[in-house]
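Trainee: Could you have a look at this structure, given as structure tokens, before my questions?
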Amino acid sequence: MITPLYRAIRGIVAVWCRLFWRLSVHNRDRLPAGPFILAPIHRSNVDFAIAASVTSRPMRFMAKHTLWKYGLGRVWEWLGAVPVVRGTPDRSSMRAIEAALTGGMPVVMFPEGTRQAGPLVQPLFDGVAYTAFRAGVPIVPVGIGGSERAMPKGSKLLRPVKIQVVVGEPIPVERPPAGERIPRRAVKELTEQLSDRIQALFDEAQALAS
Numbered sequence: 010m011i012t013p014l015y016r017a018i019r020g021i022v023a024v025w026c027r028l029f030w031r032l033s034v035h036n037r038d039r040l041p042a043g044p045f046i047l048a049p050i051h052r053s054n055v056d057f058a059i060a061a062s063v064t065s066r067p068m069r070f071m072a073k074h075t076l077w078k079y080g081l082g083r084v085w086e087w088l089g090a091v092p093v094v095r096g097t098p099d100r101s102s103m104r105a106i107e108a109a110l111t112g113g114m115p116v117v118m119f120p121e122g123t124r125q126a127g128p129l130v131q132p133l134f135d136g137v138a139y140t141a142f143r144a145g146v147p148i149v150p151v152g153i154g155g156s157e158r159a160m161p162k163g164s165k166l167l168r169p170v171k172i173q174v175v176v177g178e179p180i181p182v183e184r185p186p187a188g189e190r191i192p193r194r195a196v197k198e199l200t201e202q203l204s205d206r207i208q209a210l211f212d213e214a215q216a217l218a219s
């Protein structure tokens, strides 16, 4: 459930990102008015904060279940996070994400799964494409440039580098007719298309952040 706490913290985070990382979001007008899946590149733990700055609308996030340690689970849920157990078909998390989309809310799913490194998009999981087909919502690919330098994998310190975000054109997705299964070939083709789009946007964002 999205609460006033989410809105307050999201506003603070967005301002802080603009000041500390000189964050700019390009092509924000491409975001659909209804529900959609925001699919960013993933190079740093700060990508969650960056993704939250893309729109002022409340969003749900898929986050690794280990963040629910130390009694902080309720706090993460207040901030829109949904726990997911990596490497498993976590049906409960997928139901929560699909419920958010059905309710008209955007969600954030990192198609690479976990943080990666380097300039090339790593093989994507099919979960984003499959969820888009089930919900009949568009996917919005996003490139984030500079976040790996802001907080590299393994680092605990934030660096005041420049971060740039480039929002791509939404990829329309239609839900199959009732009773029909989602073709695996269609999911694979959509995943490949998404990979190509994210790579192009990542390259553009990295050039802007350099």
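Under the numbering used here, think of the first position of the sequence shown as 10, with each following residue one higher. Using N, Cα and C, we set each Cβ at its ideal position, and we do this for glycine too. Here the structure is a predicted model, which is why all the values come from computation and not from measurement.
1) Counting pairs of Cβ atoms below 8 angstroms between the segment 202-214 and the segment 37-54, do you hit three or more?
2) Could you work out which residue in ARG193, MET114, LYS73 is closest to THR64 when comparing CA atoms only?
3) Going along the chain, which residues of its own chain have a beta-carbon closer than 8 angstroms to the beta-carbon of LEU203, five neighbours each way excluded?
4) Got a sec? Which residues, its chain only, sit under 8 angstroms from PRO198 by beta carbon, not counting five neighbours each side?
5) Can you tell me where the alpha helix (DSSP H) holding ALA159 begins and where it ends?
6) Spell out whether any CB of chain D is found under 8 angstroms from the CB atom of ALA90.
7) How many Å lie between ILE106 and TRP25 at the Cα?
8) CB-CB under 6 angstroms to VAL130, same chain, minus the five flanking residues each way: which ones, in chain order?
Mentor: Taking the geometry as given:
1) Touching, yes, given that three or more Cβ pairs across the two stretches are closer than 8 angstroms.
2) Nearest option by C-alpha distance: MET114.
3) So the qualifying residues of the chain are ALA48, PRO120, LEU133, VAL137, ALA138, ILE148, PRO150, ILE180.
4) According to the sequence as given, residue 198 is Glu; it is not Pro. For GLU198, same chain residues with a beta-carbon under 8 angstroms away, outside a window of 5 residues either side, do not exist.
5) Where ALA159 is concerned, the enclosing alpha helix (DSSP H) stretches over 156-159.
6) The chain inventory of the structure shown lacks chain D, comprising one protein chain alone.
7) One alpha carbon belongs to ILE106, the other to TRP25, and they sit about 27 angstroms apart.
8) Only SER204, ILE207, GLN208 meet the Cβ criterion.
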